[in-house]
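Q: Residue numbers (the UniProt record's numbering): 1 to 257.
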């Protein structure tokens, strides 16, 4: 079974075991065609259907700068509810990309959470997770790293997990605490250090964990700050479609909202 690590107040699941790690799929400049790791064929087909529709809409756009806008579009994070084809709640990031000969096709990385296992903490504690995904995708799409290098990077991404329940306080520890309170009466408490910034928290969209419904048909998209992109958020209702693709990867004049 996957191990749960608690380090420095963090709760992260070890992703050394295959099957409890990030999978990825798409095209990258260092490869001549599609590359993928640790994603089932059905999920790849589900993504490919949407991406092919989106790319076709981009090519058919009347905006002459649509393809140029695609290549300079930001990396986007997503939280997609479980539904037909998804196989579970999908948490991940997607970047505009192309293969070695210039054929456009995005590169995406994701972690699947079974719908019945999803907890709000998976999103609330996902700040580091999304930052690491963004850095990995940026190294592949803009710095030209190899598929193997990208895979090693994504295998090291920390998977956010549900926080453990607080341990019950037993009578003995409670009595000891009462004695210490009596002995320390009148003694001012020692100054405590300022709490360190919690990098786990989803600071970019703090309300998202409360809004996200793993059984709904509403997906949430926001820009990854790994490349310094300005924060944008987008809520999409229904199946992934060409409208969504153009909203993420083209200029405003091309959006079909």
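Glycine residues also receive a C-beta, built at the ideal position from the N, C-alpha and C atoms.
#1: Using DSSP with H/G/I as helix, E/B as strand and the rest coil, what is residue 110?
#2: Do residue 160 and residue 269 come within 8 Å of each other at the CB atom, strictly closer than that value?
#3: When you compare only the Cα positions, how much space is there between residue 155 and residue 118?
#4: How would you write the range of the beta strand (DSSP E) that residue 91 sits in, first residue to last?
#5: So, using beta-carbon positions, are residue 41 and residue 23 closer together than 8 Å?
#6: Which of the three DSSP states, helix, strand or coil, is assigned to residue 10?
#7: For residue 49, is the classification buried or exposed, using 16 other Cβ atoms within 10 angstroms of its Cβ as the cut-off for buried?
#8: One question on the structure: do residue 245 and residue 109 come within less than 8 Å of each other, judged by their Cβ atoms?
#9: Check each candidate in 208, 241, 72, 212 and name the one with the smallest Cα separation from residue 96.
#10: Exposed or buried, residue 250, counting other C-beta atoms within 10 Å across all chains shown (16 or more means buried)?
#11: Just the Cα atoms here: how many angstroms apart are residue 113 and residue 86?
#12: When the Cα atoms are used, what is the spatial distance from residue 147 to residue 35?
#13: Looking only at its chain, what residues have a beta carbon closer than 8 Å to the beta carbon of residue 213, apart from the 5 residues adjacent to it on each side?
#14: Applying the 10 Å Cβ sphere with the 16-neighbour rule, what's the burial state of residue 342?
#15: Which value, in whole angstroms, describes the spacing of the CA atoms of residue 252 and residue 145?
#16: Tell me whether residue 44 sits in a helix, a strand or coil according to DSSP, three-state version.
#17: Straight-line CA distance for residue 206 to residue 234?
A: This is what the structure holds:
#1: By 1-based counting over the chain shown, the position of residue 110 is 110. Correct three-state label for residue 110: strand.
#2: Since the first residue of the chain shown is 1 and the last is 257, residue 269 is not available in this structure.
#3: By one-based count along the chain shown, residue 155 stands at place 155. By one-based count along the chain shown, residue 118 stands at place 118. Rounded to whole angstroms, the gap between the alpha carbons of residue 155 and residue 118 is 21 Å.
#4: Within the chain shown, numbered from 1, the residue matching residue 91 stands at position 91. 89-95 is the extent of the beta strand (DSSP E) around residue 91.
#5: Looking up residue 41 in the chain shown gives position 41. Looking up residue 23 in the chain shown gives position 23. No; because the gap between Cβ atoms is not below 8 Å, this pair is not in contact.
#6: Mapped onto the chain shown, residue 10 falls at position 10. For residue 10, the predicted model reports a pLDDT of 43, less than 50, meaning its position is unreliable; a value from the coordinates is still stated below. Three-state result, residue 10: strand.
#7: Numbered from its first residue, the chain shown carries residue 49 at position 49. Exposed: under 16 other Cβ atoms inside 10 Å.
#8: What you label residue 245 is simply residue 245 of the chain shown in a count that begins at 1. What you label residue 109 is simply residue 109 of the chain shown in a count that begins at 1. No, the Cβ-Cβ distance between residue 245 and residue 109 is not below 8 Å.
#9: In the chain shown, the residue the question calls residue 96 occupies position 96. Closest option to residue 96, Cα to Cα, is 72.
#10: By 1-based counting over the chain shown, the position of residue 250 is 250. Counting Cβ neighbours within 10 Å, residue 250 comes out buried, since at least 16 surround it.
#11: Residue 113 sits at position 113 when you count from the first residue of the chain shown. Residue 86 sits at position 86 when you count from the first residue of the chain shown. In a straight line, the C-alpha of residue 113 is about 10 Å away from that of residue 86.
#12: What you label residue 147 is simply residue 147 of the chain shown in a count that begins at 1. What you label residue 35 is simply residue 35 of the chain shown in a count that begins at 1. For residue 147 and residue 35, the distance between alpha carbons rounds to 7 Å.
#13: By one-based count along the chain shown, residue 213 stands at place 213. Correct list, in chain order: 81.
#14: With the chain covering only 1 through 257, there is no way to say anything about residue 342.
#15: Within the chain shown, residue 252 is the residue found at index 252, counting from 1. Within the chain shown, residue 145 is the residue found at index 145, counting from 1. Looking at the two C-alpha atoms, the distance is approximately 31 Å.
#16: Counted from its first residue, the chain shown places residue 44 at position 44. Helix at residue 44.
#17: Within the chain shown, residue 206 is the residue found at index 206, counting from 1. Within the chain shown, residue 234 is the residue found at index 234, counting from 1. Answer to the nearest angstrom: the Cα atoms are 14 Å apart.
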